[in-house]
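>
There are 2 protein chains.
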Amino acid sequence: MQQVKRLQELAFFVSIPHMAQKQPDPYATLGEFIKRQRELSQLSLRQLADICGISNPYLSQIERGLRTPSSMILQSLAKGLRISAETLYTQAGILDPQEAEESDVIKAVMHDPDLSARQREMMIDMYRSFRQVNETSSTT
Amino acid sequence: MQQVKRLQELAFFVSIPHMAQKQPDPYATLGEFIKRQRELSQLSLRQLADICGISNPYLSQIERGLRTPSSMILQSLAKGLRISAETLYTQAGILDPQEAEESDVIKAVMHDPDLSARQREMMIDMYRSFRQVNETSSTT
DNA sequence: TACAATCGCTAACTTTTGCAAGCACATAGG
DNA sequence: CCTATGTGCTTGCAAAAGTTAGCGATTGTA
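For the protein sequence lines, the chains are A and B, in the order given. Just so you know, the first sequence maps onto residues 43 to 182 in the numbering used here. Just so you know, the second sequence maps onto residues 43 to 182 in the numbering used here.
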């Protein structure tokens, strides 16, 4: 139930510009980021909208943070802006940035679709324990 | 304009189960994949729905491919299933597969310089056990 | 048998997404 | 001056997303 609240907070953060002060990034909201990218590409709002196959009023609303675009629209925007979809998702606060910095083992475990959630958790715990043990024993 | 059509095709592909024959993956659709993950985690539909903060009928519809979840719902599902959001997006056909590079857990473990040989062995054993358990339990 | 709890699903509803039509403003060109 | 074409924005509206209430079926338990 409290997850709902977290979702709402995320939504709020994504769509409302002045909530962006949390991040040091000057283009913190998804909309601002997209607008910035569009302007860097010298594209007008309509041009980008046409390229992406979405309507121009809608793109306008996205840029101003009035609408939260769906996954597919976001994907389409990523293609239009020649940007990795992951970058866009990260900007939108949808993808975890720190995940990229995790160790390869953890990443691999997280990505393995053949393990259950519990099993993944166990393997990651195990891995972290090993790392910790090695840490302390080497500083002896 | 033809981008619109591509979007629709993607939507169709994502949501309609029997369109999934294109992929060799037996859990090709997002819904099937989520269901599989949920069952691996021994969670009932309602339990996962509660964890993710969404309604159970909606999760049911997602699993059956009747609804396309938004980015935020997908993210929430990823968290609930302890799986990388990227993996989920890739399954949904929203992220390119090569971007998410499903690196092998064993390979990652083998290459990790911070683990001892013994620790590597243990992790790989553990991983193999899990896989085997899942194998037998899914052939029910 | 009956009562309670859990499973997944259906139906009806509210909310949000995304679009078509059209507004106001600016820069030109005839 | 008047049309033309560009910019971004506002306004309803259809179609999806997502929720609440409740169904029938199953399981355990008294």
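Built from N, CA and C at the ideal position, the CB exists for glycine as well. No experiment lies behind these values; they were computed from the predicted model shown.
1) Assuming A159/A and S83/B are in contact, meaning their beta carbons sit under 8 Å apart, how far apart are those beta carbons, in whole angstroms?
2) Since M168/B contacts M165/A with CB under 8 Å, what's their CB separation in whole angstroms?
3) Do you know offhand how far Y100/A's Cα is from Q133/A's?
4) DSSP on S171/A, reduced to helix/strand/coil?
5) Please confirm whether F75/A has its beta-carbon closer than 8 Å to some beta-carbon of chain B.
6) Go ahead and pull the three-state DSSP assignment for G122/B.
7) Give the residues of chain A in contact with R170/B, contact being defined as C-beta atoms less than 8 Å apart.
8) Residues of chain A with CB under 7 Å from S86/B, in chain order?
9) Find the nearest neighbour of R170/B within the set K149/B, D156/B and L72/B, judged by alpha-carbon distance.
10) Out of N176/A, P111/A and D146/A, which one is the CA nearest neighbour of T71/A?
11) Among D154/A, V147/A and I76/A, which has the Cα closest to the Cα of S118/A?
12) Can you confirm whether L72/B, when its beta carbon is compared against all beta carbons of chain A, has any partner nearer than 8 Å?
13) Buried or exposed: where does Q161/B fall if 16 or more other Cβ atoms within 10 Å of its Cβ makes it buried?
14) What are the start and end residues of the alpha helix (DSSP H) that includes R78/B?
Reading off the structure:
1) 4 Å
2) 6 Å
3) 19 Å
4) helix
5) no
6) helix
7) Here the premise fails: no neighbours, minimum Cβ distance about 11 Å.
8) Going along chain A, no residue has its Cβ under 7 Å from S86/B, so there is no contact; the nearest lies around 14 Å.
9) K149/B
10) P111/A
11) I76/A
12) no
13) buried
14) L72 to L82
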